[in-house]
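Counting in the numbering used here, the sequence shown runs from 89 upward without gaps.
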Amino acid sequence: NNTYFFAENTGAGNAGIKLKNSQGEFTIIANDRLRFISDDSPTTEVLSIHPDGNVGIGTGSSAPAGLLEVKSATTNSDIVINAFTDKEARLYFQENSSSIFKIYTDGSETNNPLKIYDYASATDVLTINNGKVGIGTGSSTPDDILHVNKSGGGTLRLTDSAASSDGDKIASIQAAVGTGTFFAGINFYRHDANDGEIRLRQKVANTNTDVMTLVDGKVGIGTGSSAPTEELEVNGTVKATLFKGRFEGG
Numbered sequence: 089n090n091t092y093f094f095a096e097n098t099g100a101g102n103a104g105i106k107l108k109n110s111q112g113e114f115t116i117i118a119n120d121r122l123r124f125i126s127d128d129s130p131t132t133e134v135l136s137i138h139p140d141g142n143v144g145i146g147t148g149s150s151a152p153a154g155l156l157e158v159k160s161a162t163t164n165s166d167i168v169i170n171a172f173t174d175k176e177a178r179l180y181f182q183e184n185s186s187s188i189f190k191i192y193t194d195g196s197e198t199n200n201p202l203k204i205y206d207y208a209s210a211t212d213v214l215t216i217n218n219g220k221v222g223i224g225t226g227s228s229t230p231d232d233i234l235h236v237n238k239s240g241g242g243t244l245r246l247t248d249s250a251a252s253s254d255g256d257k258i259a260s261i262q263a264a265v266g267t268g269t270f271f272a273g274i275n276f277y278r279h280d281a282n283d284g285e286i287r288l289r290q291k292v293a294n295t296n297t298d299v300m301t302l303v304d305g306k307v308g309i310g311t312g313s314s315a316p317t318e319e320l321e322v323n324g325t326v327k328a329t330l331f332k333g334r335f336e337g338g
């Protein structure tokens, strides 16, 4: 048979118990919710369990926004997952008790990298280790700030669904030395409905300049934003040690 400690208030007041020793004092109260109150000055409701099953830590009299809400009115709100030496600290995401993703720190590897494990592909899809991010690198440490790996060739895909008009820029890759600076880059454009366009841009005499344009199988050097009209079009002086082939024009 079960045995219960039973506290009842037939009126509108609280029903609860008080726990106290020389080091502190706590009160557990049942009214519209189950409340755990620290009676040390100042009195604080540290945890509450609501009739809908939601749990609030630091939410006071406010209803938690979800199954668990952690809140602090005066400082940072921290949730700590502390694993034993060389073990994993894990956070699972499930649907109907089936795991979908796992975020964890791998204590068996150097620097305890943070990883995202995808159960659908049965692989670590993202790794953060010593300031480097690896996508598809698995158990290998990323080689650089961003390392993308995929069997058959890694792909970095940049899209802009709003680039629907001819001449719209789709994406850019830029090299700089700090915020607000630019030294070199590659811009990708929608030339028209059937052709893409690539422009190599660099800072020339302190002016950002398109130095090479590739579009419709043609290459333009010094043509700027204008599309080249021949397989190779040079707007400027060409210096070469040897030319081979047929020459036309005056």
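Ideal Cβ placement from N, Cα and C applies to all residues, glycine included.
For clarity, every value in this text was computed on a predicted model and none was experimentally measured.
- When DSSP states are grouped into helix, strand and coil, Gln-182 belongs to the strand group.
- Straight-line measurement puts the Cα of Ser-313 at about 16 Å from the Cα of Ala-259.
- Between Val-134 and Ile-117 a beta carbon distance of about 12 Å is seen, past the 8 Å cut, so the two are scored as non-contacting.
- Taken through DSSP and simplified to helix, strand or coil, Ile-309 comes out as strand.
- Cα atoms of Ser-136 and Asn-218: separation of roughly 39 Å, rounded to the nearest angstrom.
- With a 10 Å radius around the Cβ and a threshold of 16 neighbouring Cβ atoms, Asp-212 comes out buried.
- Ranked by Cα distance from Lys-306, the first of Lys-291, Gly-284, Ser-150 is Gly-284.
- Around the C-beta of Gly-255, fewer than 16 other C-beta atoms lie within 10 Å, and the residue is accordingly described as exposed.
- For Tyr-205, the uninterrupted beta strand (DSSP E) run begins and ends at 202-206, by DSSP.
- Taking all protein chains in view, the Cβ of Pro-139 is surrounded by fewer than 16 other Cβ atoms within 10 Å, so the residue is classified as exposed.
- The DSSP-derived three-state label of Ile-169 is coil.
- By a beta-carbon distance limit of 8 Å, Val-299 contacts Gly-310. Their separation comes to about 7 Å.
- Excluding its 5 nearest sequence neighbours in each direction, Asn-323 has C-beta neighbours in its own chain below 6 Å: Gly-310, Thr-311, listed in chain order.
- When secondary structure is reduced to three states using DSSP, Phe-94 falls in the coil class, being assigned neither helix nor strand.
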